[in-house]
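So the protein lines, in turn, are chains A and B. My numbering numbers the first residue of the first sequence as 1 and each following residue consecutively. My numbering numbers the first residue of the second sequence as 1 and each following residue consecutively. Cβ atoms here follow ideal geometry from the backbone N, Cα and C, with glycine treated the same way.
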Amino acid sequence: MTVIAKIQSGETAAGTSRYHITALARGLQLLAMLAARRSGMTVSAIAAESGWTITTAFRVASTLCHLGYLEHDKRSGDYELTYHCLSLGYSATVSLELTEIAFPDLQKLHDETHESVFLSILAGADIISTVRLLRSERFGALGDRFPAHATPNGKMLIAHLPARDQERLLTGTRWMSFTPKTIVDPAQLRKEFEKARLAGFAVTDDELVVGTRGIAAPIFDWDGQCVAAVAIVCAGKRLTVAQVIERYCGPVQITAERISALLRARYPISHDIGDPPPNGPAKAPPRLRRLRKK
Amino acid sequence: MPRTSKSGKRTPYQIDVIERGLGVLRLFTPSRHVLSLRDIAQGLHCVPSTALRLVRTLCDLGFLQEMQGRTLYRPGIAAIGLGKSSIVNARLHRAALPHLRALHESSHHSINLDVLLDGSICHVERFKEKDILPTAVRIGSLFPAYCTAPGKLLMAFQSSQERARTLRTQSFAPLTARTITSRTAMLRELRAVRKAGFAIADCEMAEDLRAVSAPVCDRHGEVVAAVTLVGSSRTIPVRMLRGPYADGVREAAEYISADLRRIASSGGAP
């Protein structure tokens, strides 16, 4: 621990240069270049795109080949990614759920702001928090339901519902009042949701409990659907709404965007998500149809 | 499987540092998807200062993500994007899609395309039939080889040297009453698989799953992947598995192999 601490304290915001390893960086750059396109690259294409000399490009590519992460097609001269790249972090994270994917970023937000952080999903007109990282304040138990219209994360989630679902929820729910500031009028709520959607964040001010303010930002999956919201909630009249927005809007939005990017990076991966089959529409070969019998 | 350099004459430094750097990413597993610098140094058998240099470089390029004041790390967006691209860009994947879809539509069962990675089976494509597998099985997820049909199939067609290496990585844990739990029994099973040309798993990984796999060959005739049909043991009797379903997966696998040869001889993408 002491060694690690020493190294870390010795290394201030040194930027990229001090600990940068050129050879490794080049290998990673080449992998990223190949990942960004749909086909392989020849040595001269690699050199042209990276700005390296042909010799360097060849060395980096053949090193990765030797290690099994690239394959060299002798006919076309192309270097292509192999499935071994899956063991470079992909398989370790692919089966994680939203909560697990989001947790490190939520923890970071909590550590940086020292505020209570929530990750919430919508359940009807309520929200359920799947992650709570609390300051010393109390906000019920994990899994407790809270009314969506009086919480920032709830507002954010309703704001991104498809128009018809939002309207059905707005008109079909009896919105309860908790404080004098709770918004219960559907027309006013509609305006509030619209404002949150356009701004990219939602705030509450004394709407569920007097003295409690919060701010939330949306998390989107690869499909552009809002699947969850990140919120910071501060109790005890420590901050005004303006202060909450000023201090926490950026961090909450950045956290939400990072989690969204991680979700996006995993999908879409294949055919059933919109890519047309590359060889034209598939037809079952006639002999296979006999399987249908049973 | 990536190995240590043996022809390191030309650029020993490069190979070593790239291998070590990528080795950091290989330390992450589904059960250990967040690691500390100390974990990484221990995993690589190096001092923390060396690990830190590798980690900093990986972070700079987005392959690692740091959290909590640089004591904890996880794979970054670039690493995840790389894995995804390596699946989608592969010739095998492009050649296989129409045939997997056809088999899925004609059989109404889940169809997987699997490869062997470091002793584990990795799903690189999946056509899912609803409500068969309750667990969320995603493309890219890993399974042990010894208790699955594609695992047995791909081991059967490995060279004896590679097979010995793969078998050493298997736990042979008894997951059901029918799991093959010894190396000797597995070698006998693999001989039978080679002879039959397809592999069957009859409730060996989970009580209610049956599967049959057939081999896909590349243009050199080497087995590179397995086409697998998976279903519930309630709906698939063993006789169907050995009969029409085995024929179905073998046929699809042959079509894919033929397309791989065709792509190779036409000298590029289809």
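Return the CA-CA distance between residue i and residue j, expressed in angstroms with no decimal places.
i        : j        : result
Lys237/A : Arg264/A : 37 Å
Tyr83/A  : Ile87/B  : 6 Å
Leu92/B  : Phe146/A : 49 Å
Val43/A  : Ala57/A  : 6 Å
Asp78/A  : Leu209/B : 41 Å
Thr93/A  : Pro104/A : 13 Å
Ile46/A  : Gly83/B  : 20 Å
Thr50/B  : Ile15/B  : 16 Å
Gly89/A  : Leu122/A : 31 Å
Pro144/B : Gln170/B : 7 Å
Gly151/B : Arg94/B  : 22 Å
Glu207/A : Thr179/A : 6 Å
Ala96/B  : Thr235/B : 26 Å
Arg168/B : Ser159/B : 14 Å
Phe198/B : Ala149/B : 9 Å
Lys74/A  : Val60/A  : 17 Å
Ser36/B  : Thr29/B  : 13 Å
Leu28/A  : Arg53/B  : 14 Å
Leu119/A : Asp144/A : 13 Å
His33/B  : Val47/B  : 21 Å
Arg101/B : Val233/A : 48 Å
Leu22/B  : Pro251/A : 31 Å
Thr182/A : Gln188/A : 11 Å
Lys195/A : Met67/B  : 32 Å
Ala136/B : Asp247/B : Any answer about Ala136/B is weak, because its pLDDT of 46 lies below 50 and its placement is not dependable; what the coordinates show is given next. In a straight line, the C-alpha of Ala136/B is about 28 Å away from that of Asp247/B.
Glu125/B : Ser39/A  : 19 Å
Ile256/B : Gly200/A : 47 Å
Pro173/B : Glu189/B : It should be noted that the sequence gives Ala, not Pro, for residue 173/B. Ala173/B and Glu189/B: Cα-Cα distance of roughly 16 Å.
Assuming the contact rule is C-beta atoms closer than 8 Å, residue i and residue j should be a hit. Round their C-beta distance to whole Å, please.
i        : j        : result
Tyr308/A : Glu115/A : In the structure displayed, chain A extends from 1 to 294; residue 308/A sits before or after that span and is not available.
Val241/A : Arg213/A : 5 Å
Ala252/B : His99/B  : 5 Å
Ile77/B  : Ala25/A  : Actually they are not in contact, since the Cβ atoms of Ile77/B and Ala25/A sit about 17 Å apart, beyond 8 Å.
Ile180/B : Glu162/B : Wrong, their Cβ atoms sit about 19 Å apart, outside the cutoff.
Thr255/A : Leu96/A  : Incorrect: roughly 17 Å between the Cβ atoms, too far for contact.
For residue i, would you say it is in contact with chain B, using Cβ-to-Cβ distances shorter than 7 Å as the test?
i        : result
Tyr83/A  : yes
Val117/A : no
Gly224/A : no
Lys74/A  : no
Ala261/A : yes
Thr240/A : no
Ser91/A  : yes
Pro104/A : yes
Ser136/A : no
Lys108/A : yes
Gly172/A : no
On a CA-only basis, which of the options is nearest residue i? Give me that one, please.
i        : options                                : result
Asp126/A : Leu170/A, Leu98/A, Tyr90/A, Lys108/A   : Leu170/A
Asn89/B  : Ala47/A, Glu257/A, Ala36/A, Ala231/A   : Ala36/A
Ala150/A : Ala202/A, Gly89/A, Ser136/A, Val131/A  : Ala202/A
Phe220/A : Arg164/A, Val117/A, Ala199/A, Leu98/A  : Leu98/A
Leu58/B  : Lys152/B, Leu241/B, Ile18/B, Val216/B  : Ile18/B
Arg194/B : Leu154/B, Arg101/B, Gly140/B           : Leu154/B
Ala192/B : Gly243/B, Ala156/B, Gly140/B, Pro215/B : Ala156/B
Met316/A : Ala48/A, Gln29/A, Gln253/A, Val209/A   : Only positions 1 to 294 of chain A appear in this structure, which leaves residue 316/A out of reach.
Ala214/B : Ala225/B, Leu116/B, Thr184/B, Ser141/B : Ala225/B
Arg26/B  : Ala48/A, His66/A, Leu198/A, Leu86/A    : Leu86/A
Arg56/B  : Arg126/B, Tyr73/B, Val223/B            : Tyr73/B
His45/B  : Arg20/B, Ser31/B, Gln65/B, Gly62/B     : Arg20/B
Glu105/B : Val238/B, Leu190/B, Asp259/B, Leu229/B : Leu229/B
Thr130/A : Leu239/A, Ala231/A, Ala235/A, Ile21/A  : Ala231/A
Asp118/B : Thr166/B, Gly140/B, Arg126/B           : Thr166/B
Tyr245/B : Glu66/B, Thr71/B, Gly81/B, His108/B    : His108/B
Val210/A : Ala235/A, Asp165/A, Leu198/A, Ala216/A : Ala235/A
Thr204/A : Ala23/A, Pro186/A, Gly124/A, Ile245/A  : Ile245/A
Can you find a CB in chain A that lies within less than 7 Å of the CB of residue i?
i        : result
Arg53/B  : yes
Ile80/B  : yes
Pro2/B   : For Pro2/B, the predicted structure reports a pLDDT of 45, less than 50, and the residue's modelled location is therefore unreliable. A value from the coordinates is still provided. Yes, because at least one Cβ of chain A sits closer than 7 Å to the Cβ of Pro2/B.
Thr29/B  : yes
Leu154/B : no
His104/B : no
Gln158/B : no
Phe63/B  : yes
Of all the CB atoms in chain D, is at least one closer than 7 Å to the CB of residue i?
i        : result
Arg190/A : The question asks about chain D, but that chain is absent: this structure's protein chains are A and B.
Is any heavy atom of the ligand HEM found at a distance shorter than 6 Å from the C-beta of residue i?
i        : result
Gly140/B : By its list of ligands, the structure shown contains no ligand whatsoever, and the ligand HEM lies outside what it can speak to.
- Task: For the region 179-263 of chain A, list the alpha helix (DSSP H) runs that are entirely contained and at least 4 residues long, ordered along the chain.
- Result: 186-199
- Task: Jot down the residue ranges of each uninterrupted alpha helix (DSSP H) in the region 176-209 of chain B, minimum 4 residues, whole runs only, in chain order.
- Result: 183-196
- Item | Whole alpha helix (DSSP H) elements within the region 25-108 of chain A, 4-residue minimum | 43-50, 54-66, 90-94
- Taking only runs of the alpha helix (DSSP H) that begin and end inside the region 149-184 of chain A, which ones reach a length of at least 4 residues, in chain order? 152-159, 163-172
- Counting only runs that start and end within the region 89-154 of chain B, where is the alpha helix (DSSP H) found for 4 or more residues in a row? 91-107
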